[in-house]
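For reference, the structure discussed in these notes is given below.
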Amino acid sequence: MDYLTGELSPDVQEPFERHLSRCENCHTYLAQYRATVEAGRAAFADLDSEVPEDVPDDLIRAILASRK
Amino acid sequence: MMSDVPSSSAVTDDAELLARLRSGEDAAYEVLVRTYSGRLLAVTRRILRSEDDARETVHEAFIQAFRHLSQFEGQALVSTWLHRIAVNTALMKLRRRRRKPEEPIDPLLPKYQDDGHHVEHFTAWEEPVDQAVAHRETQATVRACIDQLPESYRTVLLLRDIEQVATAEAAGILGISENAVKMRLHRARQALRTLLDPHFRGGFQ
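Listed in order, the protein sequences are those of chains A and B. Note that the working numbering has the first sequence beginning at 1, numbered continuously upward. Note that the working numbering has the second sequence beginning at 69, numbered continuously upward.
Structure, rendered in structure tokens:
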């Protein structure tokens, strides 16, 4: 995870990248790890853009009544 | 999702709304609740996965917000401020609700050989993920996989990757160290990859 956020020190990062360029299995895994993060974000994106309009009116009235 | 960098028009709108709220104007309270309750309900539904708890938490979050209105200094957007209150309130409810011990995450984590290589051979996913997640069915599948994560890992993944809460803030909310947040997030993503693998491997179409 430190590699993805650019937090690896150069003396660790360089051998890590060298290994990645040669090891297909690690390369595939890292690609899938990145894709997983992207998939998680995208899975909720549509729900966020559609602000639910189904907030029940009695909930809104109850919230407003609570400040009295 | 929600930016901490307010646009100038949002700041003007927020400042005006805050002034009206602080003067106790009923209509301003109604604007606040009607504008933001939907978004907060979406957040609390995600975290709590129970409609009743989600609604109750939105109610509690607004009560908190009303109570602390005088302390809100307008450095963040009203939307960001309310979002944080809703996340906190939902997590408190989650903590109260948790009764049974959660499943271990280990079976979902990759296994390593002595030389540090993965035991498993990974097969590349067929369809690019950005295309796959454009479909609603795929999004629902991903959400269902997130729901299968053990609760403490699901919570960190939601906070960091979905709600975009910073590591330090997530650590504060959960009462754990920043390193523990990072470790849990990493494991949660690894476990989610394992759960997504059978779905993405053959392509979704």
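Even for Gly, the Cβ is constructed at its ideal location relative to N, Cα and C.
Alpha carbons only, please: which of A:34, A:25 and A:59 is nearest the one belonging to residue 253 of chain B? A:34
Close beta carbons around residue 66 of chain A, own chain, < 8 angstroms, minus the five adjacent residues each side: none
Alpha carbon to alpha carbon, how far is residue 129 of chain B from residue 119 of chain B? Give it in angstroms, no decimals. 15 angstroms
Going by C-alpha to C-alpha distance, which of B:162, B:266, B:91 and B:238 sits closest to residue 134 of chain B? B:91
Please state if the CB of residue 249 of chain B and the CB of residue 259 of chain B are separated by a distance shorter than 8 angstroms. no
Beta-carbon proximity check, residue 242 of chain B vs residue 114 of chain B, cutoff 8 angstroms: no
Taking Cβ positions only, does residue 223 of chain B come closer than 8 angstroms to chain A? no
Return the residue from the list B:124, B:267 and B:137 that minimises the CA-CA distance to residue 210 of chain B. B:267
Nearest to residue 220 of chain B by alpha carbon, out of B:159, B:184 and B:89? B:159
By DSSP, does residue 180 of chain B sit in helix, in strand, or in coil? strand
Look up residue 186 of chain B in the DSSP assignment and give the residues it is bridged to. B:180
Can you grab the Cα-Cα spacing for the pair residue 163 of chain B / residue 103 of chain B, in whole Å? 28 angstroms
Could you compute how far the alpha carbon of residue 233 of chain B sits from the alpha carbon of residue 39 of chain A? 18 angstroms
Nearest chain A C-beta to residue 198 of chain B closer than 8 angstroms, yes or no? yes
Going along the chain, which residues of the stretch 98 to 131 of chain B sit with their C-beta nearer than 8 angstroms to a C-beta in chain A? 98, 101, 102, 105, 106, 107, 109, 110, 114, 123, 126, 127, 130 and 131
Extent of the continuous alpha helix (DSSP H) run through residue 54 of chain A: Run containing residue 54 of chain A: none; DSSP gives neither H nor E here.
Chain-ordered residues of the stretch 19 to 41 of chain A with a beta carbon less than 8 angstroms from chain B: 23, 25, 26, 28, 29, 31, 32, 33, 35, 36, 37, 38, 39, 40 and 41
For residue 193 of chain B, does the three-state DSSP call read helix, strand or coil? coil
Is residue 140 of chain B helix, strand or coil by DSSP? coil
Would you kindly report the start and end of the unbroken alpha helix (DSSP H) that includes residue 201 of chain B? Note, residue 201 of chain B: premise wrong, no alpha helix (DSSP H); not H, not E.
Quick one: which chain B residues come within Cβ less than 8 angstroms of residue 12 of chain A? Residues of chain B passing the Cβ test: none, with the nearest at roughly 13 angstroms.
Where does residue 19 of chain A fall in DSSP's three states? helix
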